[in-house]
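K.L.:
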Amino acid sequence: MKNGPAEKAGVLDGSWLLELNGTSVKNWTYSRLNKKLKQSSSPLGLLVIDAESEEFYRQHNIKITATLADGSWLPFEVRKLQMTRGPDGYGFLLKEETCGSGKKGQITREVDAGLPAEKAGMKDGDRLLGVNGESVEDLDHHGVVFKIRADSKQVTLLVIDAEGSKFFDLVCVSLGAGGAWT
C-alpha cells in the first residue's frame, strides 16, 4: 500500500512476512494471517525479509530468526554503565516487575541525582539485562542483587530503557546475551 505503515517502516516491496509477534506465519493461510493481524494489539512485532536475502538463506539452509535481524536502524540502544561505588552506594533502587513479555525483569527506580548511577547514565525505568558481563534475565531479584554486590567497589551494568524493553519483548528477542557486551 502506497504510504502505508509497512512502507513508512522501510519494508521493501516484495518482502516476505516471517513472524507476527514472535510466531512463525510460514504455514498460515491468508485468511488466518488477516484474522490474527486484526486481533493483534498495537504496535505489532513483524519480522520481514527482502526476497534476495530470503533466497540466500534458503540456498544456504539457514533458518531465519529474529536474532539474525539487523537492528542497527532501531531507535533503542542497550547501554553499558560502569560505576564505582560511592560513600552512599550506587544511588538507585532495583525492583522486580513484570515486563511486557510476562516474564519478571529487574527495573531501576529512584535514581539519585549526583550519585554514580545517574552519572553513568542510568534512568528511572531502565531494565537491567546484565551484571559484569553476565546475563541476569533468568535470575530472581536476590540473585541479581548478589551479583551487583559481589564486588564492593565497582560494577558494570547492561541496561535498556523502558521503550526498548517493550519493543524487544514484543519481538521475543533476548537482550542479555553475551554479544551485547562487546
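Under the numbering used here, the first residue of the sequence shown carries the number -6, and numbering increases by one thereafter. Note that the Cβ used here is the ideal one computed from N, Cα and C, for glycine as well. No experiment lies behind these values; they were computed from the predicted model shown.
#1: Where does residue 56 sit, in a helix, a strand or coil, going by DSSP?
#2: For the 8 Å Cβ check, are there 3 or more pairs between the region 67 to 86 and the region 37 to 52?
#3: What three-state label does DSSP hand residue 5 in the structure shown?
#4: Count the other CB atoms, across all protein chains shown, that sit within 10 Å of the CB of residue 84; report buried if there are 16 or more and exposed otherwise.
#5: Which value, in whole angstroms, describes the spacing of the CA atoms of residue 25 and residue -5?
#6: CB-CB under 6 Å to residue 172, same chain, minus the five flanking residues each way: which ones, in chain order?
#7: I'd like to check one pair, residue 98 with residue 72: are the Cβ atoms closer than 8 Å?
#8: Who are the near neighbours of residue 155 in its chain, counting only those whose CB is closer than 6 Å to its CB and skipping five residues on each side?
#9: What's the C-alpha gap between residue 146 and residue 7?
#10: By alpha-carbon positions, which one of 134, 141, 135 and 131 ends up nearest to residue 125?
#11: Could you tell me the distance, in whole angstroms, from the CA atom of residue -3 to the CA atom of residue 4?
#12: Can you tell me where the alpha helix (DSSP H) with residue 137 in it begins and where it stops?
#13: In whole angstroms, give me the CA-to-CA distance for residue 53 and residue 43.
#14: When you compare the CB positions of residue 74 and residue 150, do they come within less than 8 Å of one another, or not?
#15: Just reading off the alpha helix (DSSP H) that residue 29 is part of, what are its end residues?
#16: Below 6 Å CB to CB, which residues in the same chain sit around residue 103 once its five sequence neighbours on both sides are set aside?
P.N.:
Short version:
#1: DSSP places residue 56 in coil when its eight states are reduced to three.
#2: In short, these stretches do not touch, since the Cβ pair count stays below three.
#3: Residue 5: coil per DSSP, three-state reduction.
#4: Around the C-beta of residue 84, 16 or more other C-beta atoms lie within 10 Å, and the residue is accordingly described as buried.
#5: So the alpha carbons of these two residues sit roughly 24 Å apart.
#6: Low per-residue confidence applies at residue 172: pLDDT is 42, beneath 50, and the placement is therefore not dependable enough to give any value.
#7: Taking 8 Å as the Cβ cut-off, residue 72 and residue 98 do not qualify as a contacting pair.
#8: So the list reads 118, once near-sequence residues are dropped.
#9: C-alpha separation (whole angstroms): 54 Å.
#10: Out of 134, 141, 135 and 131, 141 has the C-alpha closest to the C-alpha of residue 125.
#11: So the two alpha carbons sit approximately 10 Å from each other.
#12: Looking at the DSSP string, the run of the alpha helix (DSSP H) that includes residue 137 is 134 to 142.
#13: Computed Cα separation, rounded: 16 Å.
#14: For the pair residue 74 and residue 150, the CB atoms are nearer than the 8 Å cut-off.
#15: Segment 23 to 32, the alpha helix (DSSP H) holding residue 29.
#16: These residues qualify, in order along the chain: 86.
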